[in-house]
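Take a look at the structure below.
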Amino acid sequence: MQGFQISAAKHLNAAISRDKPARRRGPVFPDRYHAEIITSPTQARHALSYVMNNWRKHQEDRAEAMRTWRIDWFSTAVMFPGWAEYGDEPFLWRGPSTYDPLVVYQPRTWMLREGWKRGGPMISYREVPSAPRH
Numbered sequence: 004m005q006g007f008q009i010s011a012a013k014h015l016n017a018a019i020s021r022d023k024p025a026r027r028r029g030p031v032f033p034d035r036y037h038a039e040i041i042t043s044p045t046q047a048r049h050a051l052s053y054v055m056n057n058w059r060k061h062q063e064d065r066a067e068a069m070r071t072w073r074i075d076w077f078s079t080a081v082m083f084p085g086w087a088e089y090g091d092e093p094f095l096w097r098g099p100s101t102y103d104p105l106v107v108y109q110p111r112t113w114m115l116r117e118g119w120k121r122g123g124p125m126i127s128y129r130e131v132p133s134a135p136r137h
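Numbering (our numbering), first residue to last: 4 to 137.
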C-alpha cells in the first residue's frame, strides 16, 4: 500500500504541476496505512469482523438502497465461511439482482482459516466493529 501511495502521489503531483513553473512536491495522501502483524486468535477475529462489518460502523447499512442487506456485498463477506448465522454455508446469502460476485481467495494461514475461532464467538453479520459488546 505504501508503494502504491508513493507512486500515485508522484503521478498526481506531476499532473497537477504540468503547466506550472514549479513542480508540486510533498504528500498527497494522509498517512493512514500501517502494517499490523496478527499474532493471536482474538486479533484475527477482530480483524475479520472489521473487514466484513466496517460498513455498519460507518452506518452505510442504513442507506436506503442497502437497508435490507445483511452483509456488505462490496466486501469479502459473501465468501466468509464462518458466520454465526450460517456456519460453514457461505453460499446461502442471496444478493441483489445486479450483484456480480467478487474474486475472493481463501486464507492460507491457520490463523485466518481456523485460529480466529478461538478468539471469541462466531462473527455475526449484526456486529459493529469497535462497538462495546453487551
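Positions of the beta carbon are idealized from the N, C-alpha and C atoms, including for glycine.
Owing to the predicted nature of the structure, the values given are computational and were not obtained by experimental measurement.
### Task
Tell me whether L15 is buried or exposed, calling it buried when 16 or more other Cβ atoms sit within 10 Å of its Cβ.
exposed
### Assigned secondary structure, I126 (DSSP; H/G/I helix, E/B strand, else coil)
strand
### Query
Does the beta-carbon distance from M125 to A87 come in below 9 Å?
yes
### Task
For S52, count neighbouring C-beta atoms within 10 Å of its own C-beta (all shown protein chains included) and say buried if the count is 16 or more, exposed if not.
buried
### Under the three-state DSSP convention, the category W86 falls into
strand
### Message
Less than 9 Å between the C-beta atoms of P108 and I74, yes or no?
### Response
First, the amino acid is wrong: residue 108 is Tyr here, not Pro. No, the Cβ-Cβ distance between Y108 and I74 is not below 9 Å.
### Query
If you compare alpha carbons, which of P99, E67, T101, G118 is closest to G85?
Taking G85 as reference, the option from P99, E67, T101, G118 with the minimal CA-CA separation is G118.
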